[in-house]
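To start, the structure itself, in structure tokens.
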Amino acid sequence: MLQSLTLLRQTRAPRAAAATAIAFRRTYIAKTAPPAPLTGVRVLDLTRVLAGPYCTMMLGDLGADVIKIEHPKGGDDTRAWGPPFADNLDPEDTAHGESAYFLCVNRNKKSVTVNMKAEGGRKLLHDLVRQADVLVENYLPGKLASMGMGYEELSKINPRLVYASITGYGQDGPYADRPGYDVIIEAEAGLMHITGEPNGQPVKVGVAITDLTTGLYAKGAILAALLQRGITGQGQHIDCSLLESQVASLANIASNYLVGEREAKRMGTSHPSIVPYQVFPTKDSFIMIGAGNDGQFVKFCQRVGLQHLLDDARFKTNKDRVAHRAELINLIEEALTQHENNHWLDKLQGAGFPFAPINNIAQTFDHPQIKARGLVHEVDHPRAGKIKMVGPPTKFSGFQPSVRLPPPTLGAHTDEVLTSVLGYNKQQIDDLRSEGAIGQ
Numbered sequence: 017m018l019q020s021l022t023l024l025r026q027t028r029a030p031r032a033a034a035a036t037a038i039a040f041r042r043t044y045i046a047k048t049a050p051p052a053p054l055t056g057v058r059v060l061d062l063t064r065v066l067a068g069p070y071c072t073m074m075l076g077d078l079g080a081d082v083i084k085i086e087h088p089k090g091g092d093d094t095r096a097w098g099p100p101f102a103d104n105l106d107p108e109d110t111a112h113g114e115s116a117y118f119l120c121v122n123r124n125k126k127s128v129t130v131n132m133k134a135e136g137g138r139k140l141l142h143d144l145v146r147q148a149d150v151l152v153e154n155y156l157p158g159k160l161a162s163m164g165m166g167y168e169e170l171s172k173i174n175p176r177l178v179y180a181s182i183t184g185y186g187q188d189g190p191y192a193d194r195p196g197y198d199v200i201i202e203a204e205a206g207l208m209h210i211t212g213e214p215n216g217q218p219v220k221v222g223v224a225i226t227d228l229t230t231g232l233y234a235k236g237a238i239l240a241a242l243l244q245r246g247i248t249g250q251g252q253h254i255d256c257s258l259l260e261s262q263v264a265s266l267a268n269i270a271s272n273y274l275v276g277e278r279e280a281k282r283m284g285t286s287h288p289s290i291v292p293y294q295v296f297p298t299k300d301s302f303i304m305i306g307a308g309n310d311g312q313f314v315k316f317c318q319r320v321g322l323q324h325l326l327d328d329a330r331f332k333t334n335k336d337r338v339a340h341r342a343e344l345i346n347l348i349e350e351a352l353t354q355h356e357n358n359h360w361l362d363k364l365q366g367a368g369f370p371f372a373p374i375n376n377i378a379q380t381f382d383h384p385q386i387k388a389r390g391l392v393h394e395v396d397h398p399r400a401g402k403i404k405m406v407g408p409p410t411k412f413s414g415f416q417p418s419v420r421l422p423p424p425t426l427g428a429h430t431d432e433v434l435t436s437v438l439g440y441n442k443q444q445i446d447d448l449r450s451e452g453a454i455g456q
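To convert a position in the sequence shown, counted from 1, into the numbering used here, add 16.
Quick look at the structure:
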């Protein structure tokens, strides 16, 4: 993708210097390994916790040079979120190890500690902006602008900068100044209302799905802005919010309301428009079964000994089955609870409709398909030694995504980045440390 962008850059005289720098980075790296899609793209990551770090990690997986900017005292909040913490290699290192939470969304990044309240820290960041293609931040609207790091100011320093803001509610509107938290947005944007058992209380999703969804939307927007920059030569400001990302992710539930004025309700694991399509109890456990069309329903009935239902007018079509949901579910549960889970898992193999056991996390990572696809990576961490982590989930025919860099220890790359990217000398770095602009 960005090879075409480099060619566009090189044809535009006013942007020749920036284009040449990126082209050089791509050419230099390409001599040693097949180039990843974002090779030569530099990302400044001013985010913390999950939505932002998840976004920038995915950019790093695609080959971007991601520089994570952290406060010298403590860094990203999630560094302290635990247990669990990874064990330390050094027995004399008595501080808690690396947080499992931090480790999961910060691979393929370099950590640089900067105190943005110090004049030297702000100048350092301005220098990095001049060398950057993308900046991602998740501060409250206006916070970075008050520190000289807002889009209006930075776009003057680097007009080609793609500046992505991830917030709870967006850059304007009556709620813009409110902080965003995944579980709060789940409640406020309809997700918690539709999650849980029909007669139970609202519940949150088991992972911070709103944060993750927002990170995915932000990543896509950044890639699109980079493509557009290849045409116009200009960067832009991306405004991405948890609230809008979650509402957009309501998908058919939102459409049901907007088109049919149908209010949603909690349905447990069942589907509002397809029956049977839910978790069923067996004699000793549970199984998820989906019959998404009439043909699959026929195959399901034949495999579980319910052929007589095929002649019942109440269950002829999916529309009929939705209308007579309760009667059909009771009949299916009665049949499935006659045997153990393993019986049904064997019986349903090759039947022509989807089904699955309800795996716990250990069973998930023991799944033969997960193993065959090589999703789990083992990497060497400078403090924790060998650690396992979930790697990039997408496969490419043109390059192999990998964990090039383990999640960094706090400030591990400060001197390296200041020297190799900015050309600072030892005296300049020492002066910044004396000022408290960077960490020790």
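Here a beta-carbon is modelled for each residue, glycine too, at the ideal position from N, C-alpha and C.
Quick caveat, the model's predicted, so the values are computed rather than measured.
Have a look at Tyr233, Asn272, Gly246, Val275 and flag the residue whose alpha-carbon is nearest the alpha-carbon of glutamine 262.
-> Walking along the sequence shown from the start, residue 262 turns up at place 246. The shortest Cα separation from glutamine 262 among Tyr233, Asn272, Gly246, Val275 belongs to Tyr233.
Any idea if tyrosine 44 is buried or exposed, counting beta-carbon neighbours within 10 angstroms, 16 or more meaning buried?
-> Here residue 44 is taken as the residue at index 28 of the sequence shown, counted from 1. Its pLDDT being 47, under 50, tyrosine 44 is placed unreliably in this model, and the value from its coordinates should be taken loosely. It counts as exposed.
Reduced DSSP category for histidine 324 - H, G, I as helix; E, B as strand; rest coil | For the purposes of this step, residue 324 is identified with residue 308 of the sequence shown, where counting begins at 1. If DSSP states are grouped into helix, strand and coil, histidine 324 belongs with the helices.
4 or more residues per run - each alpha helix (DSSP H) lying fully within the stretch 189 to 276 | 198 to 204, 225 to 248, 258 to 264, 268 to 276
Name the residue from Pro424, Ala400, Val82, Arg138 whose alpha carbon lies nearest to the alpha carbon of proline 107.
-> Within the sequence shown, residue 107 is the residue found at index 91, counting from 1. The shortest Cα separation from proline 107 among Pro424, Ala400, Val82, Arg138 belongs to Ala400.
Under 8 angstroms Cβ to Cβ from alanine 46, same chain only, skipping five residues before and after it: list those, please.
-> The count along the sequence shown starts at 1 and reaches residue 46 at position 30. Residue placement at alanine 46 cannot be trusted, given a pLDDT of 46 that sits under 50; the coordinates are not used to answer.
Using DSSP with H/G/I as helix, E/B as strand and the rest coil, what is isoleucine 374?
-> By 1-based counting over the sequence shown, the position of residue 374 is 358. Correct three-state label for isoleucine 374: coil.
Determine the contact status of leucine 140 and tyrosine 179, defining contact as a CB-CB distance below 7 angstroms.
-> Translated into positions along the sequence shown, residue 140 becomes position 124. Translated into positions along the sequence shown, residue 179 becomes position 163. No. Outside cutoff.
Measure the CB-CB distance between aspartate 81 and arginine 64 and report whether it falls below 7 angstroms.
-> In the sequence shown, residue 81 corresponds to position 65, counting from 1. In the sequence shown, residue 64 corresponds to position 48, counting from 1. No; because the gap between Cβ atoms is not below 7 angstroms, this pair is not in contact.
For the beta strand (DSSP E) that contains glycine 306, what are its first and last residues?
-> Along the sequence shown, read from residue 1 onward, the residue named residue 306 stands at position 290. That run of the beta strand (DSSP E) goes 302 to 306.
Let me know if arginine 330 comes out buried or exposed under the rule of 16 or more other beta-carbons within 10 Å of its beta-carbon.
-> Within the sequence shown, numbered from 1, the residue matching residue 330 stands at position 314. Arginine 330 should be labelled exposed.
Under the rule that 16 or more other beta-carbon atoms within 10 Å means buried, what is isoleucine 247, buried or exposed?
-> As a working note, residue 247 is residue 231 in the sequence shown. The residue is exposed, with fewer than 16 neighbouring Cβ atoms inside 10 Å.
Just the C-alpha distance for proline 175 and glutamine 244, rounded to the nearest angstrom, thanks.
-> Translated into positions along the sequence shown, residue 175 becomes position 159. Translated into positions along the sequence shown, residue 244 becomes position 228. Going by the C-alpha atoms only, they are around 13 angstroms apart.
In whole angstroms, what is the alpha-carbon distance linking methionine 17 and isoleucine 201?
-> Along the sequence shown, read from residue 1 onward, the residue named residue 17 stands at position 1. Along the sequence shown, read from residue 1 onward, the residue named residue 201 stands at position 185. Residue confidence for methionine 17 is low, a pLDDT of 49 falling below 50, so the modelled location carries little weight; the figure read from the coordinates is stated next. Between methionine 17 and isoleucine 201, the C-alpha separation is close to 34 angstroms.
Give the secondary structure of aspartate 61 by DSSP, where H, G and I count as helix, E and B as strand, and everything else as coil.
-> Looking up residue 61 in the sequence shown gives position 45. Residue state, collapsed to three classes: strand.
Nearest-angstrom Cα distance between proline 424 and glutamate 135?
-> Counting from 1 along the sequence shown, the entry for residue 424 is found at position 408. Counting from 1 along the sequence shown, the entry for residue 135 is found at position 119. In a straight line, the C-alpha of proline 424 is about 25 angstroms away from that of glutamate 135.
Go to isoleucine 85, then tell me how far its beta strand (DSSP E) extends in each direction, as first and last residue.
-> As a first step, residue 85 must be located in the sequence shown, where it is residue number 69. Segment 81 to 86, the beta strand (DSSP E) holding isoleucine 85.
Reduced DSSP secondary structure (H/G/I, E/B, other) of alanine 180 = To locate residue 180, count along the sequence shown from 1; it is residue 164. Note: alanine 180 maps to strand in three-state DSSP.
Could you have a look at lysine 402 and say whether DSSP puts it in helix, strand or coil?
-> Mapped onto the sequence shown, residue 402 falls at position 386. Reduced to three states, the DSSP call for lysine 402 is strand.
Which residues does DSSP pair with histidine 393 in a beta bridge?
-> Numbered from 1 along the sequence shown, position 377 holds the residue referred to as residue 393. Bridge partners of histidine 393: Met405.
Opening and closing residue of the beta strand (DSSP E) in which leucine 151 lies | For the purposes of this step, residue 151 is identified with residue 135 of the sequence shown, where counting begins at 1. Note, leucine 151: beta strand (DSSP E), 150 to 153.
Just checking my contact of asparagine 309 with asparagine 272 at CB under 8 angstroms: how many whole Å lie between their CB atoms?
-> As a first step, residue 309 is located in the sequence shown; it is residue number 293 there, counting from the start. As a first step, residue 272 is located in the sequence shown; it is residue number 256 there, counting from the start. Incorrect: roughly 19 angstroms between the Cβ atoms, too far for contact.
Roughly how many angstroms lie between the CA atoms of arginine 420 and aspartate 396, to the nearest whole one?
-> As a working mapping, residue 420 is identified with position 404 in the sequence shown. As a working mapping, residue 396 is identified with position 380 in the sequence shown. Rounded to the nearest angstrom, the two C-alpha atoms are 10 angstroms apart.
In chain order, what residues of the same chain have a beta carbon less than 7 angstroms from the beta carbon of alanine 351, not counting five sequence neighbours either side?
-> The sequence position of residue 351 within the sequence shown is 335, counting from 1. For alanine 351, where only same-chain residues beyond five positions count, the Cβ hits under 7 angstroms are Val320, Gly321, Leu322.
Reduced DSSP secondary structure (H/G/I, E/B, other) of lysine 172 | Position 156 of the sequence shown holds residue 172. Of the three classes helix, strand and coil, the one that applies to lysine 172 here is helix, per DSSP.
Between lysine 126 and isoleucine 83, is the Cβ-Cβ spacing less than 7 angstroms?
-> As a first step, residue 126 must be located in the sequence shown, where it is residue number 110. As a first step, residue 83 must be located in the sequence shown, where it is residue number 67. In this structure, isoleucine 83 lies closer than 7 angstroms to lysine 126 by Cβ.
Identify the continuous beta strand (DSSP E) that holds serine 450 and give its terminal residues.
-> Position 434 of the sequence shown, counted from the first residue, corresponds to residue 450. No beta strand (DSSP E) holds serine 450; the alpha helix (DSSP H) holding it covers 442 to 451.
Which residue comes first and which comes last in the alpha helix (DSSP H) that contains serine 436?
-> In the sequence shown, counting from the first residue as 1, residue 436 sits at position 420. Element bounds for serine 436: 430 to 436.
Do proline 292 and isoleucine 348 have their CB atoms nearer than 7 angstroms?
-> Against the sequence shown, residue 292 aligns to sequence position 276. Against the sequence shown, residue 348 aligns to sequence position 332. A contact, by the Cβ cut-off of 7 angstroms.
How long is the line joining the alpha carbons of glutamine 443 and leucine 144, rounded to whole angstroms?
-> Against the sequence shown, residue 443 aligns to sequence position 427. Against the sequence shown, residue 144 aligns to sequence position 128. Near 18 angstroms, if we compare the C-alpha coordinates of leucine 144 and glutamine 443.
Got a sec, what are the start and stop residues for the alpha helix (DSSP H) proline 69 sits in?
-> To locate residue 69, count along the sequence shown from 1; it is residue 53. From DSSP, the alpha helix (DSSP H) with proline 69 extends over 67 to 77.
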